[in-house]
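Residues in the sequence shown are numbered from 76 upward in steps of one, following this note's numbering.
Quick notes on the structure that follows.
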Amino acid sequence: MLDYHKKTNEMERKIGMHNKTLFKYLFKNSFKKLLSYSFIAITAFGLSCLHISPCGAVTSALAASGQNISEKEADIIDISVYKDSASTHSNITADMTDASYDSTADIASGEQLIIESDEAIYGLYIIWSSEVSGYTISYNDKDNNKTSIQCGSYGYLHDYIPFNTAATSITIETSADMSISDIYAYSEGRLPETVQIWQPPCNDDTDILVFSTHADDEILFLGGVLTNYGGEQGLNVQVAYMCDFFLTEPVRQHEELDGLWECGIKNYPVKGDFMDLYSLDLGTAMTQYNYDDIVSYATSCVRRFKPLVCVSQDFNGEYGHGGHCIYAKAVSEAVNSSAEASFNPDSASEYGIWDTPKTYYHLYNENTITLDVDTPLSRFNQRTSVDILKTAFTKHVSQISYSFNVMDNGYAKTYWGNFDSRAFGLYRTTVGYDTGNDMMEHVTALHTEREAKKETAKLQAAKEKEEDAPDNSGSDNSNNEANDTSSNEAHSSPDIKQTAITLIAILIIGVVICSQAYRTRYLYKKKYEENKESFNKSDK
């Protein structure tokens, strides 16, 4: 018994020495981040003292979500849809309301779609079936005032357009020949989660850039990245596809968006202009595609999005698919060369150069990590990544018949075998190797700095906009009394705005600090257990 206590005390002493060193490291880093966050809070407070209204930021966030502020959920409204041209007036309601990607209606430039309803419409959800260019939506309010909205600038295939006021008759006109699969009209209220309200691509504030060859590869082989980092943590996750399925199977463009949305991705994906050509080895793929064009596309994505982390498919193409192989090869050349201005100079001139801090490859067997796909995720109502990905893959109806699927153990099922979608390896790093199981390790501080700069830029833009606003006071002596009253109200209003934005800033910083404290505590506990296990093994 004495030997046992002696052994235990010795174990605790050694573990304590390890953990003391670890604690110093974690405390030092946490303290640095605390100072950084405090600086952000002070900056926000200082800007708020300049009487910058938070209303613009709040309104922008609500507008970006496309949501109408109401507790009641919006309903789908019955509509009638007509196509008007110089010579015809046809009722196409059946095709536009059957919730099918297969039935479509073509709209030529100069033609109109007319949507009518007996109920008030507060927004349209349009499912296009062709590539989208500019289009105009016009409607009259209850006082017969006409409103026109210019749409389509981002090319969203699934596009929700909110209205500022109720409408019962709406006109859609396109600037080019296009086609539509479905139109949904919604009443006032909170939109159902199935309505896809896309945000623009991330551009130069991307946290993780995911390279997926085809629509469905991102679910089968890279899905844990989407659900954990994009959906659960809310990081800026951008997907860049190699293949354009408008060139081969247009329905897969819909499946792509439906799957991403299920995974919690909100930034619209981008794609190359390459056809989906089948092969089972890299050599064949090199004869099917212009490899340099793929490298150029991958490089432009790296430079445009400036990711902190890149994630690619397997060098061996998972089951050997030549398209996967050639895209993985091109991505490796892109991340290794995108910091050189002489490499693909066109994209360097357009976007600047970029050296990606970390790059991971699926099934890469060095510096490995295993994504957690079994922990319930709070943003998904306690569903696990596996649960989410299984549902997301059901959106890829065209591919299920080929024996592809997501398995309960986190593996991707294919006709040629099963592949671990949790397994990744760190292929390239400029910030050091991982000590944990987190793709964002060593780059979280960079993410925080970016977010702080974005918020500061927004506040500064709001300040400049307020300063540039025309001064309409004192223009008429007969309105002096009213102007004085307005001035007094304006004087008291910034105090409220100042307080509001300060409280918001403090709340945000508090959440971030608590999250960092939780993370530090978790790492400390994890390292303690590892040291304890290591000591036990060495003592045997």
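Cβ atoms here follow ideal geometry from the backbone N, Cα and C, with glycine treated the same way.
Keep in mind the model is a prediction, meaning the values are calculated, not measured.
Neighbourhood of glutamate 408 by C-beta distance below 7 Å, restricted to the same chain and skipping five residues each side: Val370
DSSP three-state call for aspartate 447: helix, strand or coil? coil
Can you name the residues that DSSP bridges to leucine 191? Inspection of the sequence shows that residue 191 is occupied by glutamate rather than by leucine. Ser155 and Ser244.
Go through its chain and collect everything with a Cβ distance to serine 413's Cβ below 6 Å, but skip five positions before and after it. Thr374, Val377, Arg378 and Trp429
Can you tell which of Ile475, Leu521, Ser205 and Asp421 has its C-alpha closest to the C-alpha of aspartate 319? Measuring C-alpha to C-alpha distances from aspartate 319 to each of Ile475, Leu521, Ser205 and Asp421 identifies Ser205 as the nearest.
Please tell me whether glutamine 271 and asparagine 342 are closer than 8 Å, where the distance is taken between their beta carbons. Not a contact, by the Cβ cut-off of 8 Å.
Extent of the continuous alpha helix (DSSP H) to which asparagine 411 belongs: 397 to 412
Uninterrupted beta strand (DSSP E) stretches inside the region 224 to 302 (no shorter than 3 residues): 233 to 249, 253 to 261 and 283 to 287
Assess contact between the region 507 to 524 and the region 460 to 476, defined as three or more Cβ pairs (one per stretch) separated by less than 8 Å. Is contact present? no
Can you give the Cα-Cα distance for leucine 188 and asparagine 419, rounded to whole angstroms? Rounded to the nearest whole angstrom, the CA to CA distance from leucine 188 to asparagine 419 is 44 Å.
Does glycine 347 pass the burial test, meaning 16 or more other C-beta atoms within 10 Å, or should it be called exposed? It counts as buried.
Beta-carbon gap between alanine 180 and isoleucine 167 smaller than 8 Å: yes
In three-state terms, what does DSSP make of asparagine 440? coil
DSSP three-state call for glutamate 148: helix, strand or coil? strand
Take every Cβ of the region 275 to 284, pair it with every Cβ of the region 245 to 256, and state whether three or more of those distances are shorter than 8 Å. no
Mapping DSSP to helix, strand and coil, what is lysine 540? helix
Checking 8 Å against the spacing of the C-beta atoms, do arginine 497 and threonine 445 come in under that value? yes
Would you tell me roughly how many angstroms separate the C-alpha atoms of lysine 529 and glutamine 363, rounded to the nearest one? Going by C-alpha positions, lysine 529 is about 42 Å away from glutamine 363.
Are the beta-carbon atoms of phenylalanine 494 and asparagine 480 separated by less than 8 Å? no
Between which two residues does the alpha helix (DSSP H) carrying serine 371 extend? 366 to 380
Contacting residues, own chain, Cβ-Cβ under 6 Å from phenylalanine 114 (five flanking each side not counted): Per-residue confidence for phenylalanine 114 stands at a pLDDT of 48, beneath the threshold of 50, marking its modelled position as unreliable; the derived number appears in the next sentence. Around phenylalanine 114: no qualifying Cβ.
If you count every other CB in all the chains shown that lies within 10 Å of the CB of glycine 398, and 16 or more means buried, which is it? buried
What number of angstroms, rounded off, separates the C-alpha of arginine 525 from the C-alpha of proline 382? 11 Å
Can you tell me whether DSSP reads alanine 423 as helix, strand or coil? helix
Name the DSSP beta bridge partners of lysine 341, please? Answer is none; lysine 341 lacks a bridge partner.
Between Leu297, Leu310 and Asp173, which lies nearest to phenylalanine 499 when the distance is taken from Cα to Cα? Leu297
Measuring alpha carbon to alpha carbon, tell me which residue in Gly209, Tyr210 and Ala360 is nearest aspartate 351. Ala360
Taking DSSP's pairing of strands, which residues face alanine 360 in a bridge? Its beta-bridge partners do not exist; DSSP assigns none.
Is tyrosine 261 closer than 8 Å to isoleucine 190 when the C-beta atoms are compared? no
With distances taken Cα to Cα, identify the nearest neighbour of aspartate 173 among Tyr304, Gly209, Ile258 and Gly198. By alpha-carbon distance to aspartate 173, the top candidate from Tyr304, Gly209, Ile258 and Gly198 is Ile258.
Indicate the three-state DSSP secondary structure (helix, strand or coil) for glycine 492 in the structure shown. strand
If we ignore side chains and look at the alpha-carbon of each, how far apart do serine 165 and glutamate 186 end up? Between the alpha carbons of serine 165 and glutamate 186 lies a distance of about 12 Å.
For my contact list, leucine 501 and asparagine 456 are in at a C-beta cut-off of 8 Å; report their separation, rounded to the angstrom. Actually they are not in contact, since the Cβ atoms of leucine 501 and asparagine 456 sit about 32 Å apart, beyond 8 Å.
Cα-Cα, which of Glu293, Thr240, Gly198 and Tyr477 is closest to proline 267? Gly198
For leucine 322, count neighbouring Cβ atoms within 10 angstroms of its own Cβ and tell me buried if that reaches 16, exposed if not. exposed
Where does valine 461 sit, in a helix, a strand or coil, going by DSSP? Helix, per DSSP.
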